[in-house]
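Residue 53 is where the sequence shown starts when you use the working numbering, and the numbers rise one by one after that.
Glycine residues also receive a C-beta, built at the ideal position from the N, C-alpha and C atoms.
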Amino acid sequence: MAYHTNITCCIHEPKAYDQEAQALIELKDATKKLGNFTLGPLNVNLEKGSYSVVLGPSGAGKTLFMEIIAGLSDLDSGTIRINGRDALDLPPQRRSIGFCYQDYALFPNMDVFENIAFGLRLRKHRDIKPKVGKIARVMGIQDLLKRDVKDLSGGEKQRVALARALVIDPDILLLDEPLSALDKASALQLIKELKRIHRSRPKLTIIHITHDFDEALSLAEKVLVMNNGRILQSGEPREVFNKPKDPFVASFVGLKNIYKGWVGSHDGVPVFETGDLKFRVITDCEGDAYATIAAHDVIISIEPSETSARNHFEGIVKDMEDKGMLMELTVDIGVDLTVTITKESALRMDLHDGKRCHVLIKATAIHVFKA
């Protein structure tokens, strides 16, 4: 797209809104149609100074969502407000946004210094050299300023792109898959850098898109899970993981124990039924529903044991997979149940394929939501 290289540098003119408003970005019933794809309707409220991660698979509409915030794509319907002001007609250069695309979008005919300085030159800033020098030191790239960008590593290019976006002192920083092209060591280092940027700039609102939930857990204060152009769930990362409201969300954040069934009552106690299995649960749901169980919330024992867990099953180990410090088991209790335990526990119980065991699950460990 021809505008890749412009957005990180050019959205820098004097701010056209009240900087003290608390809700920085608001979208209401926002929709955009591109060919057969429809984004929205989206209803989003992001606070000033927050770090939000938009999570979803390829083709979910994450980048288009960001481009609407940046003013690079117009809405077909609905509203967008930035710091309390209607932004439908607010051009990109008046939104005080720095945008880093996945491919960095660095200028190949410029060295590192000129790439970082580009937005300042457009603004006719007088103190270009000290500002570039300062952000370069902050990003740890002060020794690269005379280098050709074609000679940089992926991690170095990402730091240059971030420096270019931050040097104009934006109110909003948009990051499109910033870790996807990096090796593991570089990605971990950049995560630390993004955390530091967030801490050091308390008024900077960061919106970061990714398909990696672990990345979201590391950085996000708020997660928005997207699929097929819609935001299916938003909230704190642990809340989304522990209490998904949609089977796609449950699967996408890594939950493996997802069951469809229905909720009835037994002796006045809610019971979730799937196949021939019945789980005692704590829920207000009735009728068709889904249930999820986090693998680490399941207790395995060889002998029957007395615990507060209200769900007891006999099972057979079907499969064991080494996960480093942990072992991931598949246990047949009438349905396949994924369980994670420490290697030490697996050795102590002499677990292996075909081994019989007892499975205990607390009612509070089973999350139920309407189908």
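Three-state secondary structure (DSSP) at asparagine 279?
As a position in the sequence shown, residue 279 is number 227, starting the count at 1. In the structure shown, asparagine 279 sits in a strand (DSSP, three-state: E or B).
Does DSSP classify glycine 171 as helix, strand or coil?
Translated into positions along the sequence shown, residue 171 becomes position 119. Helix.
So proline 432 is in the alpha helix (DSSP H); what residue range does that whole segment cover?
Within the shown structure, residues of the chain are numbered from 53 to 423, placing residue 432 beyond reach of any answer.
Might you give, ordered along the chain, the residues of its own chain that have their beta carbon closer than 7 Å to the beta carbon of isoleucine 120, omitting 5 neighbours on each side?
The count along the sequence shown starts at 1 and reaches residue 120 at position 68. Cβ within range, chain order: Ala82, Lys84, Leu127, Ile132.
With a threshold of 7 Å on Cβ separation, who are the neighbours of glycine 339 within its own chain once the five nearest residues in sequence on each side are excluded?
As a first step, residue 339 must be located in the sequence shown, where it is residue number 287. Within the same chain, glycine 339 has close Cβ partners Trp314, Val315.
For leucine 140, which residues of its own chain have a beta-carbon under 7 Å away from its beta-carbon, when the five flanking residues on both sides are left out?
As a working mapping, residue 140 is identified with position 88 in the sequence shown. Only Leu127, Thr131, Ile132 meet the Cβ criterion.
Quick one: measure Cβ to Cβ for serine 147 and glycine 123, integer angstroms, because I've assumed they're closer than 8 Å.
Sequence index remark: in the sequence shown, residue 147 carries index 95 (1-based). Sequence index remark: in the sequence shown, residue 123 carries index 71 (1-based). For the record, residue 147 in the displayed sequence is arginine; it is not serine. Contact holds; Cβ gap of about 5 Å.
Are the stretch 172–188 and the stretch 203–210 touching, with three or more C-beta to C-beta distances below 8 Å?
no
What do you reckon, are the CB atoms on cysteine 4 and leucine 226 nearer than 8 Å?
Because the chain spans 53 through 423 in this model, residue 4 falls outside it and cannot be assessed.
Quick check on this structure: which residue in Ile187, Phe304, His410, Phe421 has the alpha carbon closest to the alpha carbon of leucine 218?
To locate residue 218, count along the sequence shown from 1; it is residue 166. Measuring from the Cα of leucine 218, the nearest candidate turns out to be Ile187.
Which partner residues of cysteine 337 appear in the DSSP bridge assignment?
To locate residue 337, count along the sequence shown from 1; it is residue 285. Under DSSP, no beta-bridge partner is assigned to cysteine 337.
Check the DSSP bridge columns for glutamate 373 and list the partner residues they point to.
For the purposes of this step, residue 373 is taken as residue 321 along the sequence shown, with counting starting at 1. Answer is Glu380, bridged to glutamate 373.
Can you find the residues in the same chain that come closer than 6 Å, C-beta to C-beta, to phenylalanine 331, ignoring five residues on each side of it along the sequence?
Within the sequence shown, residue 331 is the residue found at index 279, counting from 1. Cβ within range, chain order: Phe324, Asn363, Ile418.
Between the stretch 373–390 and the stretch 294–306, can you find at least three pairs of beta-carbon atoms closer than 8 Å?
no
For aspartate 228, which of helix, strand or coil comes out of DSSP?
On the sequence shown, position 176 is the one that residue 228 refers to. The three-state reading of DSSP puts aspartate 228 in strand, counting E and B together.
Measure the beta-carbon distance from tyrosine 103 to leucine 271 and round it to whole angstroms, keeping in mind my assumption that it falls under 8 Å.
For this step, residue 103 is matched to residue 51 along the sequence shown. For this step, residue 271 is matched to residue 219 along the sequence shown. 6 Å between Cβ atoms; contact.
Closer than 7 Å by C-beta to glycine 406: which residues in its own chain qualify, once you throw out the five before and the five after it? Chain order, please.
Locating residue 406 in the sequence shown gives position 354, where the first residue counts as 1. Cβ neighbours of glycine 406 beyond the five flanking positions: Ile368, Val369.
As a quick exercise: from Asp179, Lys114, Val212, pick the residue whose alpha carbon is nearest that of aspartate 195.
Here the question's residue 195 lines up with position 143 in the sequence shown. Nearest C-alpha to aspartate 195: Val212.
If I'm right that isoleucine 261 touches glutamate 229 with Cβ under 8 Å, what's the distance once you round it to whole angstroms?
Taking the first residue of the sequence shown as position 1, residue 261 is located at position 209. Taking the first residue of the sequence shown as position 1, residue 229 is located at position 177. Rounded, the Cβ-Cβ distance is 6 Å, consistent with contact.
Those residues which DSSP pairs with asparagine 309 across a bridge:
Here the question's residue 309 lines up with position 257 in the sequence shown. Paired residues: Ile345.
Using the rule of at least 16 other Cβ atoms within 10 Å of the residue's Cβ for burial, across every protein chain shown, is proline 322 buried or exposed?
Position 270 of the sequence shown, counting from 1, holds the residue named residue 322. Result: buried.
For histidine 250, name the three-state secondary structure that DSSP assigns.
Start at 1 with the first residue of the sequence shown, and residue 250 comes out as number 198. Histidine 250: helix per DSSP, three-state reduction.
Residues near alanine 239 by beta carbon distance below 7 Å, same chain, minus five either side
On the sequence shown, position 187 is the one that residue 239 refers to. The beta carbon of alanine 239 is closer than 7 Å to those of Leu231 in its chain, skipping five residues each way along the sequence.
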